[in-house]
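What follows is a short report on a single structure.
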Amino acid sequence: MSTTTEFARATETTAPGSPAPGTARRVPATTPPALPADYASLRAHFQPHLDRIAAGSLARELHRDLPFDEVRALDSAGFGTLRVPAEHGGPGASIETFIRLLVDLAEADSNIAHLYRSHAGFVEALRFQPPHIQNAWYPRVLAGQTVGNASTEKGGNRLGTLNTVLTRTEAGWRLNGQKFYSTATIFSDWTRVSVAIAGQDGRGFVAVRTDAPGVRVDDDWDGFGQKLTGTGTTTFEDVAVDEDAVFDRVVGTVEAIHEAAFFQLVLLAVLAGIARAARRDAAATIAGRARTFNTGLGMPFREDPLIQEATGRIAAKAYSAEATVLHTARVLDDGINAAIAAGADGHDHSVPVPEAVHYEEIAVEHAQITVPELALGAAQDLFLTVGASATSTSKALDRHWRNAQTVATHNPIAFRARAIGDWWINGTLPQGLNAIGDAPATKATTASGAES
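Quick note: the sequence shown uses this note's numbering, first residue 671, plus one each step.
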């Protein structure tokens, strides 16, 4: 299934919750409420939304129904405002609190938790922007507006470069290019685009409205998992960009290190939620199962000690995955608190990076080696607790494994394991993921005639 949304045209939805081709995403029905900062109060606030999301997750998976209504409701309830600092009018929830809520959301539907990654990363980066940028963007976030992602190009860009270009013209900034993996853009008011700036080295980011003339979003993601994240191709043709929507990025600064770690932590939270979903479905399936096998003990599955053991192993993997993720979140809280104490949380990049900020990337990379294996193991072991009926497509129990595998592929585990080994042996600080592109030619590829 492929839905094309050309935001340059006027809009009119034809079905509840799903914009027809040629329509733009709506703004939230209401301005989000002011929220508390503690987990218990926030969990109670969002619980009705989590319940509704979980209740409809299977049907959405079976019918490939993108969760427009569910995302709209979460936006209106203030989910996108959680990390807005208190001094800017937001809840100022800690990273650990936000990640706990994200794990809860991922258990209900991992697609919806995943698609908030882009917006959460954008909000996280705002604290490092100059005042005029913050004064423009924090009010938009507090009003319920959200930001999607348009960063990675499908191919043809050399590693460290981009083919999507921002150009200064007499009429102002203009953006041209195409992105793939534009997660959440189809649900969002804005999308953040990684760009090369014409005539300059390095890269930056810009934010453009998804209903701006020249912006086109295609729901053409064909992955076997995380099918409902709105991932797909976004094309920009001579799109106007406002001055307050151009963001610098300097490699090696607190902003760059913290945001790279934060983006990966969100994926780890999604994996922890998937593991919890496997635990939930294993227990529920076994509790309601009457059939058994003559080769077993002849008792109901819920009373069979071997089935109980298998379920216990799933539960332990889910527990360990979540515990690792939450510990890592606390490391990121320590890092951002150290940056604030040192005065390195702003846009003045001359302030040295505190050691606690470097520990953020170290912690995340440790977790990236273990949490995917735990989540995949929990999803796989789910099938050890029931019979062949578990493979029915009507139950879609395989979605937990497919979703976990899809999330796990975002960052090659082998690279992370090597980097952590190098750190423990040689003290080499690992480098966060900040660029994807074609590898340069080597002597081996040149000799073999491979394309550079």
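Note that CB positions come from ideal geometry on N, CA and C, so glycine has one too. The structure displayed is predicted, hence computed values, not measured ones.
So is residue i buried or exposed if we call it buried at 16+ other beta carbons inside 10 Å?
i            : result
residue 852  : buried
residue 870  : exposed
residue 774  : buried
residue 751  : buried
residue 906  : buried
residue 700  : exposed
residue 855  : buried
residue 1094 : exposed
residue 987  : buried
residue 943  : buried
residue 732  : exposed
residue 1061 : exposed
residue 876  : buried
residue 702  : buried
residue 1191 : For the chain, the structure presents residues 671 to 1122; residue 1191 sits outside this window and is missing.
residue 764  : buried
residue 1100 : buried
residue 770  : buried
residue 761  : buried
residue 872  : exposed
residue 1069 : buried
residue 727  : buried
residue 839  : exposed
Determine the DSSP secondary structure at residue i, reduced to helix, strand or coil.
i            : result
residue 850  : coil
residue 954  : helix
residue 845  : strand
residue 781  : helix
residue 885  : strand
residue 879  : strand
residue 735  : coil
residue 1031 : helix
residue 791  : helix
residue 768  : helix
residue 1018 : coil
residue 696  : Confidence in residue 696 is poor, its pLDDT being 48 and thus under 50, which makes the residue's placement too unreliable to answer from.
residue 932  : helix
residue 905  : strand
residue 998  : helix
residue 691  : With a pLDDT of 44 at residue 691, under the threshold of 50, the predicted position of this residue should be treated as unreliable, though the coordinate-derived value follows. Residue 691: coil per DSSP, three-state reduction.
residue 756  : helix
residue 798  : coil
residue 1076 : helix
residue 896  : coil
residue 824  : coil
residue 1102 : coil
residue 987  : helix
residue 1071 : helix
Of the choices the options, whose alpha-carbon is the least far from that of residue i?
i            : options               : result
residue 889  : 737, 789, 1098, 927   : 737
residue 950  : 788, 1055, 760, 1040  : 1055
residue 936  : 868, 1042, 898        : 1042
residue 1040 : 977, 1027, 1081, 1010 : 1081
residue 706  : 742, 729, 754, 1097   : 754
residue 893  : 1097, 1102, 1078, 802 : 1078
residue 749  : 1015, 1003, 815, 1016 : 815
residue 1140 : 760, 896, 795, 843    : Look at the range of the chain in this structure, 671 to 1122, and you will see that residue 1140 is not part of it.
residue 805  : 758, 845, 768         : 758
residue 1015 : 796, 730, 917         : 796
residue 741  : 779, 770, 1046        : 779
residue 918  : 971, 1011, 799        : 799
residue 822  : 848, 843, 941         : 848
residue 1091 : 1035, 714, 1067       : 1035
residue 938  : 1021, 745, 772        : 772
residue 817  : 878, 995, 1053, 920   : 878
residue 882  : 845, 1096, 864        : 845
residue 1022 : 1009, 933, 1032       : 1009
residue 1048 : 709, 997, 990         : 990
residue 746  : 704, 777, 833         : 704
residue 720  : 980, 739, 735, 1085   : 739
Give the DSSP bridge partners of residue i, in chain order.
i            : result
residue 833  : Answer by DSSP bridge pairing: none, since residue 833 is not bridged.
residue 917  : 875
residue 818  : 861
residue 1006 : Residue 1006 pairs with nothing; no bridge assigned.
residue 838  : 843
residue 643  : Absent from the model: residue 643. The displayed extent of the chain is 671 to 1122, so no value can be given.
residue 866  : 835, 873
Is any heavy atom of the ligand ADP found at a distance shorter than 7 Å from the C-beta of residue i?
i           : result
residue 892 : The model depicted lacks the ligand ADP and carries no ligand whatsoever.
Taking contact to mean 3 or more Cβ pairs, one atom from each stretch, closer than 8 Å, check whether the stretch 910-918 and the stretch 956-972 are in contact. no
Given 8 Å as the limit, is there contact between the stretch 855-874 and the stretch 810-817, that is, 3 or more CB pairs closer than that? yes
Would you check if the stretch 975-983 and the stretch 1025-1033 touch, i.e. whether three or more CB-CB distances between them fall below 8 Å? no
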